[in-house]
Every structure is written in structure tokens, then in C-alpha cells.
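Working notes for the structure below.
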Amino acid sequence: MKLFNTNTVLKSCIYFLIAFVITSCNTIGDQIQNIELEDKKISNIKDISLTKGDVIVLWTYYNLEYKENLPSYRIKYHIEKDDNTILFEVFNLLNNIDYSSKPIIRSSKNTDNTYITNDENGDEIEKNYTEWEFQKEEHQFIVEEDGSYSFDFKLYNDNSGFFSDEIKVVLRKL
């Protein structure tokens, strides 16, 4: 008398292993370092030892408050290896975010709040604003040679007014 069907047990084990491998993969990579950005100041990550074939992914982390329109930011970034420029580019943040494709949005949290202000007559009125926290994939960089790499970032606030949002660059390795 057979208690178990060998094919059924084998298939179940294979399905379990596939599910385990898929759920245990880190699809956004291992964090190398993160760096907080300040408006019009250069922030950098120096001397990261990388190996040919490494895939480095630049992510941005946002913690924003906005009252009407999303703010507009740009980041200029510079990647160098052994003091030689490898890449110099600019990406626009928050402009025309496409939620259906790249860039990937992770861990998004929105909170709607209100604040009290005065209208043109001096009367108190309640207005709404949104706090939004999320991470977004910006760029992938494939390392072509072993060596020591440095990353420089400069944030530009394209809006006039007070710069109060928290924006970081997060380097990850796939």
C-alpha cells in the first residue's frame, strides 16, 4: 500500500522551492549607502570598491509636503573611477511620474492633512496639504572595470521658496 504518490511529493517540493527562491530575492538590491541632499550643495559618496559587472542602482527617497502642485527638483550626478569621469547626467525628480512603468515606486505612503491660514480678507480658512513618502528608482549603472568609484550629487529646487523636503539618494547593488 502506497501512502504517498512520488510524483505529487516531488512536484510539491519543486513548487515550494520555486516559491521560496522568488520570495527571498531582493529585487531592489542591497543598500550600499544613502546620502541626504541639500539644495545647491554637493554631497558625495567616496571610494566605493566595485567589481566589473556590478549593477549599481540610484534610488531617490522622498519625504515631501506639498499644498497644491508637486515641487520640481533636479539632481545632477557625477560618477568617477580613480579620479576619471565615467558619467555626468541630470535627472528630473517628480516630473511626469509614470506609475505604470519605470521608475519603480516603492513603499509609498500618503497622508492628507490640513492647516489654518488667512484669506485675502484676513479670515481664517482651512487648507489641505499632502505628506508623501516614497522611494523611486532613477538610474542603473553597470560597472565596466574593477576599481574605486565616487559618486557626487547636487540637488536643485526649481521652485522659489523655502526648501523643506527631505530627499536622499540611496545607492544599491543588485
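Reading the sequence shown from the start, the letters are residues 87 to 260 in my numbering. Every residue, glycine too, gets a C-beta built ideally from N, C-alpha and C.
With a contact defined as Cβ atoms closer than 8 Å, residue 122 and residue 235 miss out at about 20 Å.
Here DSSP, grouped into helix, strand and coil, assigns residue 206 to coil. In the structure shown, the three-state DSSP call for residue 229 is coil.
Between residue 254 and residue 219, the alpha-carbon positions lie close to 11 Å from each other. Counting other Cβ atoms within 10 Å of its Cβ, residue 243 reaches 16 or more and is therefore classed as buried. The beta carbons of residue 171 and residue 232 sit no closer together than 8 Å. A Cβ-Cβ distance of about 6 Å is found for the pair residue 147 and residue 256, placing them in contact under the 8 Å criterion.
A Cβ-Cβ distance of about 13 Å is found for the pair residue 161 and residue 173, leaving them out of contact under the 8 Å criterion. When the alpha-carbon of residue 224 is set against those of 124, 175, 118 and 126, the nearest one is in 175. The beta-carbon separation of residue 237 and residue 159, rounded to 18 Å, does not stay under the 8 Å limit for a contact. For the options 201, 212, 119 and 206, the alpha carbon positioned closest to that of residue 151 is the one of 201.
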